[in-house]
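Asker:
Residue numbers (our numbering), protein chains in the order written: chain A, 1 to 252; chain B, 1001 to 1290; chain C, 2001 to 2378.
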């Protein structure tokens, strides 16, 4: 899909107490695209997502979303501009029920006062139940989220992202710990999101990546190493070297 | 000028006491994530211990110091073993539990020794004044300052140059992995807590001749010490030292200009504003948090 | 649906509680006793206020007594200015000001000639103080532990300032010798049923309004903030605004409770702003159940009730504080959700037991183990 670049990162540099996590990162993602970020551990992939969603502020560089500069905005303002993020570590609300978790994500009005007069289990219930069905949690709606198994919590987090319904969705290792069946189900969900949503996915599972992505960006030591379709990057000699010459990983 | 120097030195000794108290609190919080609200009561215990030793056994202040360190450290050891170790996963609850311990300690003293004020004598050889660059300075205050510096150096040495310190830092970063390497995390925690408590006890001993000893003397110390840690930044020895002297001096000067109470109020407002500008303290490290 | 049934049971429970406290004057004639009960109810309101910010939003306000004390002083100032001239000094100045050689009434005392202003101030002043502190502290995104200590520090500071500024505040002794509040033709004497009803109605209102509030979207988001504050930002919510909101609501309720307390005690004192009472509030809330409005109120009422029925002598008070300290530690270690959580655990395992006797005993066992780890939100 070509179009004016929806998400642009220009010369992003991120530093942690002297350690250069990301340097000179350029990334252009078109609207409706599904971009995968892959690379060895420590390549800076998660940091790239952190910078986009506002978790981490870059030392240098600029991030543009839909033509607007979001580099210095606090994370909740970035979220309001239509960015949703799934984190590597489990981040959901353990003591709240699954339904309540989804309600928090689903909420359209975000202000304190407008929410005082709105009650839970409002008209949105239908949408939430459909969402729960999509990820297989419809029987657990009234259970506290802390009761769920690890696999189920992964699904919950994906459902939270879907409920948030952001234009730009950032996913950090969504299939970690999933079976191949679950991975394929996730791929189906992601492919269905393409077009209406723009996705940037950090992943290690190459079969999954090949299944869903249009363009793949390979990162290494905080920079972009290669970018292109699956076939192109698989035959790229620099990429193969970065993965320690083991063509095995790319052919997983 | 003749007013400023004595004022600065009063501030210096306030700051030194604050530093010793804050050091103990910072060590406990920095390594174990435990806010010890009983820390003020450890200071109080130190003061009472000196009073007891002096009044009933005739031991002088200086000689008491090591005994007091051992005694209050021992109390700290017990508190950690019996209570704190069950609450490592619940930081807000450790505040409550330690507050409860503080109450118990305070009430125990109040019911056994009595609520009246007690007095401790300054060691005779330190009551005189010393001539310092043309100004008269209380020898005792200089002694406090010197001792504070010594304790900081000892702590630095202990934590960064010994094997115990290395183990402690490992356990602080990642207790599970440290255990896999055979480090006894539990023992490390107990010793650290005891060390922090012992420091508080020493602070209490040092302050006892300057102010009267009462069961509730401890609370202001824990609050002030925590403000020091908040401003200085957690896990930063330099931060604790710098912020103790900053806050101590500012308090001293403000107290001179108006009075003690207003000084406290202004320092508090200052800290709140400072936190807003530097939420991680003045000397914090930036790490990638997952 | 299970949760609807739960909601109905909850409303019934709250109603029974409110009916009970409102019915007390029908059975109790002794004015002295009624006054004591009114005191306990005021503590209940105070504990409820803390439970809103602590149990539901995870904000441990160790200085709740600040709001309480400021509210009580506002009411005391208004009453002091209306105390008949014999007790007030020359020129309409409160006696302690005369003793401190104050010449004219300070500007911030002037508006308290009006009851309307005083009642407004009793709620507004704590709220504004909370808002200002909250603006600094929540925006800075410091963690919960820091907030606990900073609120404690504020308490210590304000307590010292009030004692220090004795010409304006009555210092150590507080503001004593107060007239009776008379509003809308009712005299709210400390020992009257009117005052008792005022306290009981306030507590009942707070319970039901509070219940409605925690079931609103805002209440839900605050509970999410309690569970994982960082995550909530990424959904686009301004978490600091939510935290400050509940912090201020809690302060406002505590301020109103403070005003009631002045009526009940007939004086205002710096001890209302002291560390011991602030500690007590936390203990009541923890023992009763921090995540339950009625639980926290009950915690306060039961604990102070037992204390009051045993003794009021200072010597006993010291022993009582010792027991309280130990009880506090016990609750923190073994019953983090308070005594009310026991009720819930029993109710739930009864419900589960009847459903599980047929199938899947292993699942049932796992669930009941998880239940006892789960917190209760009421």
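Virtual Cβ for every residue (Gly too), placed ideally from N, Cα, C.
Given the structure is predicted, the values throughout are model-derived calculations rather than measurements.
1) Residue 2325 of chain C versus chain B: which residues are under 7 Å apart at the beta carbon?
2) Could you tell me which residues DSSP puts in a beta bridge with residue 144 of chain A?
3) Does the stretch 1081-1097 of chain B come within contact of the stretch 1248-1267 of chain B, defined as at least 3 CB pairs closer than 8 Å?
4) From residue 154 of chain A to residue 92 of chain A, what does the alpha carbon distance come to, in whole angstroms?
5) Could you tell me the boundaries of the beta strand (DSSP E) in which residue 15 of chain A lies?
6) Between the stretch 1080-1095 of chain B and chain C, which residues of the former have CB atoms less than 8 Å from a CB of the latter, in chain order?
7) Using beta carbons (cut-off 7 Å, strictly below), is residue 2231 of chain C in contact with chain B?
8) Determine contact between the stretch 1030-1046 of chain B and the stretch 1213-1232 of chain B, defined as no fewer than three beta-carbon pairs at a distance below 8 Å.
9) Going straight from the alpha carbon of residue 2031 of chain C to that of residue 2042 of chain C, what length do you get?
10) Quick one: measure Cβ to Cβ for residue 1013 of chain B and residue 1125 of chain B, integer angstroms, because I've assumed they're closer than 8 Å.
11) Whose C-beta lies closer than 6 Å to the C-beta of residue 27 of chain A among residues of the same chain, with five residues either side of it excluded?
12) Does the Cβ-Cβ distance between residue 2395 of chain C and residue 2280 of chain C come in under 7 Å?
13) Strictly below 9 Å CB to CB, what residues from chain B border residue 2137 of chain C?
14) By a C-beta neighbour count over all protein chains shown, 10 Å radius and 16 as the cutoff for buried, is residue 1099 of chain B buried or exposed?
15) For a cutoff of 7 Å on Cβ pairs, would you count residue 7 of chain A as touching chain C?
16) I need the straight-line Cα distance from residue 187 of chain A to residue 157 of chain A, nearest angstrom please.
17) For residue 2162 of chain C and residue 18 of chain A, what's the separation of their Cα atoms in angstroms?
18) Excluding sequence positions up to five away, which residues of its chain have a Cβ less than 8 Å from the Cβ of residue 2001 of chain C?
19) Relative to the ligand MN, is the shortest distance from any of its heavy atoms to the C-beta of residue 194 of chain A smaller than 6 Å?
20) Output yes if chain B places a C-beta closer than 7 Å to the C-beta of residue 2056 of chain C; else output no.
21) Does the separation of the CB atoms of residue 1020 of chain B and residue 1199 of chain B fall below 7 Å?
22) Among C:2115, C:2150, C:2067, C:2076, which one has its Cα closest to the Cα of residue 1273 of chain B?
23) Whose Cβ in chain A lies nearer than 9 Å to the Cβ of residue 2213 of chain C?
24) Taking 7 Å as the CB-CB cut-off, is residue 2300 of chain C touching chain B?
25) Please list the partners that residue 100 of chain A has in chain C, where partner means a Cβ-to-Cβ separation under 9 Å.
26) What does residue 2191 of chain C reach in chain B if we use C-beta pairs closer than 7 Å?
27) What are the boundary residues of the alpha helix (DSSP H) that residue 1074 of chain B is part of?
28) For chain A, is any of its Cβ atoms less than 7 Å away from the one on residue 2238 of chain C?
29) Where does residue 129 of chain A sit, in a helix, a strand or coil, going by DSSP?
30) Got a sec, what are the start and stop residues for the alpha helix (DSSP H) residue 150 of chain A sits in?
31) Just confirm the distance between the C-beta atoms of residue 2117 of chain C and residue 2111 of chain C, as a whole number of angstroms; I'd bet it's less than 8 Å.
32) Do the stretch 2215-2226 of chain C and the stretch 2016-2028 of chain C meet, that is, are 3 or more Cβ pairs less than 8 Å apart?
33) Give a yes or no on whether the minimum CB-CB distance between residue 2328 of chain C and chain B is below 7 Å.
34) Consider the Cβ of residue 224 of chain A: report whether some Cβ of chain C lies at a distance smaller than 7 Å.
35) May I ask you to list, following chain order, the residues of the stretch 2037-2062 of chain C that have a beta carbon less than 7 Å from some beta carbon of chain B?
36) Specify the secondary structure class of residue 25 of chain A as computed by DSSP and reduced to three states.
Answerer: Taking the structure as given:
1) 1100, 1103, 1104, 1107
2) A:97
3) no
4) 10 Å
5) 5-16
6) 1083, 1086, 1087, 1090, 1091, 1092, 1093, 1095
7) no
8) yes
9) 16 Å
10) About 17 Å separates the two Cβ atoms, so there is no contact after all.
11) 9
12) Any question about residue 2395 of chain C goes unanswered here, given that chain C covers just 2001 to 2378.
13) 1272, 1275, 1276
14) buried
15) no
16) 15 Å
17) 48 Å
18) For residue 2001 of chain C, the pLDDT reaches just 45, beneath the cut-off of 50, and the residue's location in the model is therefore unreliable, although a value from the coordinates is still provided. Around residue 2001 of chain C: no qualifying Cβ.
19) In terms of ligand content, the structure shown is empty, and the ligand MN therefore cannot be addressed.
20) no
21) yes
22) C:2150
23) 116
24) no
25) 2220, 2223, 2224
26) Per Cβ cutoff of 7 Å: no residues; residue 2191 of chain C is ~32 Å from chain B at best.
27) 1061-1082
28) yes
29) helix
30) 150-164
31) 5 Å
32) no
33) yes
34) no
35) 2060
36) strand
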